[in-house]
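Q: Sharing a structure, written as structure tokens. Questions coming.
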Amino acid sequence: MIVAQLKTKGGLALALLALGLPLIAAVLGLLLNLRQLNFVALLSYPGICTMIWQGLLVAIVVTVIATLVVMVSSYAISSSGLRSIIAIPNLAFTVGILWLITPTGWLWRLLPGIEVDLFDRQYLLTFILILLLKEIPFLLFMSHRALQQIPHQKWLIIGQSQGHSKAKTWWLIVIPALLKRLRLPLMVVAVYSFSVIDIALLAAPQLPSTLAVQVFEWQLNFTPDARRLAYTGGLVLLALSGLLCLVVIGQEYLIGQWSRKRLSSQVSRVERLALKLLKGLGALPVLTRVFGILALGALLAQSVSRGWFYPAILPADWTLQGWLQEWSYIWPGVISALGIALIVGLLSVLLVTVLLELKRTYHWRYLAIWVLLPLLVPQILLVLSWHQMTNYSGSEAGYWLWVIWSHMPFSVAYAYLVLAPQEHAFDQRYVLVGRALGYSFWRSWWRIKRPLLAGPLYLSLALAMFISVTQYVPTLILGGGRVATVTTDLMAASSGINTQLAAIYALMQWLLATGILIGLTGLAGQRGSSAGEQ
Amino acid sequence: MGKTVLSTSDISMRWPDHRVELPPIQVNAGEVLGIMGPSGSGKSTLLRWLVGEQQQFVRTVGSIFVDGVSVQGVPVEQRKIGILFQDVLLFPHLNVFDNLRFGLPAAQRQLSIAEQTERIMEQLRAIQMSKYAQAAVSSLSGGQRARIGLLRALLNKPRVMLLDEPFAALDARLRCRIREWTYGQLAEQQVATIVVSHDPDDIPANANKLYWPEARDA
């Protein structure tokens, strides 16, 4: 019936096309390059093994620690504070953190007598720390959403009523169920940590770099040999991302097995001690907030400083000169980022909404996998394939369209992550009642479901826009260098030696992304509560 | 006896592991058909199919006629079949008045605001609830919600009304009163009604009754 109302065949084809086209284009792009693959050249490239193991090590360490933190902290942390950390764009956060923790950074100036040179610029440890500080809030946020979908409070009460401690019930009953629901977000974290480029360009070792960064640099090099290496490296990234997904499944399996065994036997002293030690990881979510605030403070101070030399805690003088000089150069990037984000955000929410309704009509079971696939594939590989497929060289407007198109799969994926669980929990009988009262499907949707789901809809729009603002690699490559946003400007500014310039652009990116997220989530909260009150 | 409004034939409901074949159903204007059977047997699924919604995991086939015209393939909104659930499902973001205004038939939605208001207030006065017009639906009692729910459905002038365990959420004292009032309203407006319930008391004594058939292997 809904099918008839949707005038479905056209709508269905459009939705499938919008969803499937980027993936089809990626596959075609890959197929077109099959002949160009050169594994021998790749494997004999100097430093290739280091590139690979560095990437894998970072991804595994970040995933395992983030999982442990989630297992320890999910029960106690509220999600409200997490949003402010998730709302920080990666690049701006990285610029701020680097200014804090590198050996001459602000943190060590604030803590005199303590000298830590573990976190130099472009150190593996620095890279891991920044990824952890960014990924832990995301995972905790997802964990909160997952916990809302399981009756964990009741399980804890039942466990306690049967003589088990709350902690034991948490570890043996709740955690396995929680990890199962976090499988996809954990895979996203693992693949992202392995294949991230923007953060790695600033914080990861460069001699040699990670494989993802090297593939990116090969792509920017126009020689045919470098291009071949880029495609071959991209495929290796894909294969190793698959391996990392298996690591996530393996980790979940091991924890599940341990929980099952301990249901019928006592937790040993060693295990008890390990669990107590793990509680220390509970400090990490607090640290992410502290670092977030400090990084913001550092960027603010840096952007208005004059003559700030080590070991001074504060600059010799304050000045707005940097802002005044850059003001006219910043705005175009901010406006273009906002414009692209608005188009991408609205299209993403529209597409996710239509897809969720079609999923209900056609009972699509695997929609989530398709929608979230771009998050499980190294971004550089997708971008390379799209670039190969489009190979665009035309009018300026064309580049803008390709940039919008290249942001869509990632924004759609995150919009889906936010909207799908809420849509799933929505009582569809409301729409049925609306239709039985004489309204068409979409009119019922608009007048009943949309206002009742206003909160999640605004939130998914906010996240989709936020993701678009933070895109660096797709903007640079599909934009052919002709589309400049605040993010590409920030990366250019960060690569130089003018730290004040980097701080100004980082703050602007931060303000834009956070402004979108806070503004729209505020609206989401308002709409959500007003719908609930009446 | 009133004219036949709803009739069905050859209804077969197939789940992955069992199926149910229903006898032909016929409900006349102003009459009630009570369908009784255990919880989870598929009664609510049948109602949702009759109103025009196909459920996942259940394949239902058969013929439905309203006033002698087949409504197979006709969208929910054009079937003139209303539905009322146990939890009434008043729209929480709209107040009582706007919930009722939503229920006005398409032709009446074209009327001026003043005329629409007059019609709705008239209905509210008839059930002594005019002072609740601007109230949030969350502030209503169970009985008030039930009355507003039925009023909203009847404003739409359905030919058939499907009641899915409509009184199950009400306490015993209220239940009896609301039941009488509901069936009184439906009879007065000559609506053909199907009510499903596992409680025989919810089905009027003079109603035709259908006992849910035994399931067979798929």
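Chains as they are written, first to last, in this note's numbering: chain A, 2 to 535; chain B, 230 to 447.
Heads up, the beta-carbon is just placed ideally off N, CA and C, and yes, glycines get one too.
Remember, it's a predicted structure, so these values are computed and weren't measured experimentally.
Counting only C-beta atoms, is Ser441/A closer than 7 Å to chain B at any point?
A: Chain B, which has a Cβ nearer than 7 Å to the Cβ of Ser441/A, makes this yes.
Q: Classify Arg291/B as helix, strand or coil using the three-state DSSP reduction.
A: The sequence shown places Gly at residue 291/B, not Arg. Strand.
Q: Using beta carbons (cut-off 7 Å, strictly below), is Tyr363/A in contact with chain B?
A: It does not; no Cβ of chain B falls within 7 Å.
Q: Could you check if Gln55/A is buried or exposed, using at least 16 other CB atoms within 10 Å of its CB as the buried criterion?
A: It is buried - the Cβ of Gln55/A has at least 16 other Cβ atoms within 10 Å.
Q: Under 8 Å: do the region 403–416 of chain A and the region 428–443 of chain A share three or more Cβ pairs, one atom per stretch?
A: The region 403–416 of chain A vs the region 428–443 of chain A: no contact.
Q: Would Glu358/A be called buried (16 or more neighbouring beta carbons within 10 Å of its own) or exposed?
A: Answer is buried; the Cβ neighbour count reaches 16.
Q: Near Glu534/A, which residues of its chain fall below 6 Å by C-beta distance, leaving aside the five closest residues on each side in sequence?
A: Its pLDDT being 42, under 50, Glu534/A is placed unreliably by the model, and the measurement read from it follows with that caveat. Around Glu534/A: no qualifying Cβ.
Q: Given a cut-off of 7 Å, decide if Val384/A and Ile478/A are closer than it, judged by their beta-carbon atoms.
A: A contact, by the Cβ cut-off of 7 Å.
Q: Run through DSSP, which three-state label would Trp319/A get?
A: Trp319/A: strand per DSSP, three-state reduction.
Q: Look at the alpha carbon of Ile3/A and the alpha carbon of Pro304/B, and state the distance between them as a whole number of angstroms.
A: The predicted model places Ile3/A with a pLDDT of 48, which falls under 50 and marks its position as unreliable, so this point remains unresolved.
Q: Quick one: what does DSSP say Met358/B is sitting in, helix, strand or coil?
A: Of the three classes helix, strand and coil, the one that applies to Met358/B here is coil, per DSSP.
Q: Under a Cβ-count criterion, where at least 16 other Cβ atoms within 10 Å of its own Cβ denotes burial, should Lys309/B be classed as buried or exposed?
A: Buried is the call here.
Q: By the 10 Å Cβ neighbour count, where 16 or more other Cβ atoms means buried, how is Val249/B classified, buried or exposed?
A: Buried, because 16 or more other Cβ atoms sit within 10 Å of the Cβ of Val249/B.
Q: What residues in its chain sit with their C-beta under 7 Å from that of Pro429/B, if we drop five residues either side in the sequence?
A: Once the five neighbours on either side are set aside, the close Cβ partners of Pro429/B are Met265.
Q: Hey, does Gly526/A have any beta-carbon neighbour from chain B nearer than 7 Å?
A: No, because no Cβ of chain B sits closer than 7 Å to the Cβ of Gly526/A.
Q: By DSSP, does Ile3/A sit in helix, in strand, or in coil?
A: Here Ile3/A scores only 48 on pLDDT, less than 50, and its place in the model is too uncertain to base an answer on.
Q: Leaving aside the five residues before and after Gln586/A along the sequence, list all residues of the same chain whose C-beta is less than 7 Å from its C-beta, in chain order.
A: An answer regarding residue 586/A cannot be provided, because it is not within the stretch 2 to 535 covered by chain A.
Q: Can you tell me whether DSSP reads Leu319/B as helix, strand or coil?
A: Coil at Leu319/B, not helix or strand.
Q: Note down, in chain order, every chain B residue with its Cβ under 8 Å from the Cβ of Tyr431/A.
A: Ordered by position in chain B, the residues that pass the 8 Å Cβ test against Tyr431/A are Leu318 and Phe320.
Q: Within the same chain, show all residues whose beta-carbon is closer than 6 Å to that of Ala494/A, passing over the 5 residues directly before and after it, in chain order.
A: Counting only Cβ-Cβ distances below 6 Å, and skipping sequence neighbours, we find Leu502, Ala503 and Tyr506.
Q: Given a limit of 8 Å on CB to CB distance, which residues of the region 409–437 of chain A reach chain B?
A: Residues passing the 8 Å Cβ filter: Asp428, Arg430, Tyr431, Leu433, Val434, Gly435, Arg436 and Ala437.
Q: Do the region 209–224 of chain A and the region 282–293 of chain A touch if we need at least three Cβ pairs shorter than 8 Å?
A: No, the region 209–224 of chain A is not in contact with the region 282–293 of chain A.
Q: Taking Val287/B as the reference, give the member of Ser273/B, Val295/B, Ser299/B and Val298/B with the closest Cα.
A: Minimum Cα distance to Val287/B is reached at Ser273/B.
Q: Have a look at Arg330/B and Tyr431/A and give me their C-alpha separation to the nearest angstrom.
A: Between Arg330/B and Tyr431/A, the C-alpha separation is close to 16 Å.
Q: Look up Tyr76/A in the DSSP assignment and say whether it is helix, strand or coil.
A: Note: Tyr76/A maps to coil in three-state DSSP.
Q: What is the DSSP secondary structure of Lys450/A, counted as helix, strand or coil?
A: Reduced to three states, the DSSP call for Lys450/A is helix.
Q: To the nearest angstrom, how far is it from the Cα of Ile66/A to the Cα of Leu279/A?
A: So the alpha carbons of these two residues sit roughly 10 Å apart.
Q: Give the single residue among Ile294/A, Thr103/A and Leu125/A whose Cα lies nearest to the Cα of Glu116/A.
A: Of Ile294/A, Thr103/A and Leu125/A, the residue nearest in Cα terms is Thr103/A.
Q: Here's a check: name, in chain order, each residue in its chain whose Cβ is nearer than 8 Å to the Cβ of Leu125/A, leaving out the five neighbours to either side.
A: Hits under 8 Å: Gln55, Leu58, Val59, Ala205 and Pro206.
Q: Alpha carbon to alpha carbon, how far is Ala5/A from Ala336/B?
A: With a pLDDT of only 48 at Ala5/A, under 50, the local geometry of the prediction cannot be trusted, and no value is derived from it.
Q: Could you compute how far the alpha carbon of Leu318/B sits from the alpha carbon of Gly378/B?
A: Taking the straight line from one Cα to the other gives about 7 Å.
Q: Taking the straight line between their C-alpha atoms, what separation do you get for Leu418/A and Leu187/A?
A: Approximately 13 Å, taken between the alpha carbons.
Q: Where do the N-terminal and C-terminal ends of the alpha helix (DSSP H) with Ile102/A fall, by residue?
A: Ile102/A -> alpha helix (DSSP H) spans Asn91 to Ile102.
Q: Would you grab the beta carbon distance between Ala465/A and Ala416/A for me? Rounded to a whole angstrom, and I think it's under 8 Å.
A: Going by Cβ atoms, the distance from Ala465/A to Ala416/A rounds to 4 Å, so yes, they are a contact pair.
Q: Against Leu453/A, what residues of chain B qualify as contacts under a CB-to-CB distance less than 9 Å, listed in chain order?
A: Result: Phe320, Pro321 and His322.
Q: With a threshold of 7 Å between beta-carbons, can Ala5/A be considered close to chain B, or not?
A: Any reading at Ala5/A must be qualified, since the residue scores a pLDDT of 48, below 50, and its modelled position is unreliable; the value itself is stated next. By this cut-off, Ala5/A is an interface position.
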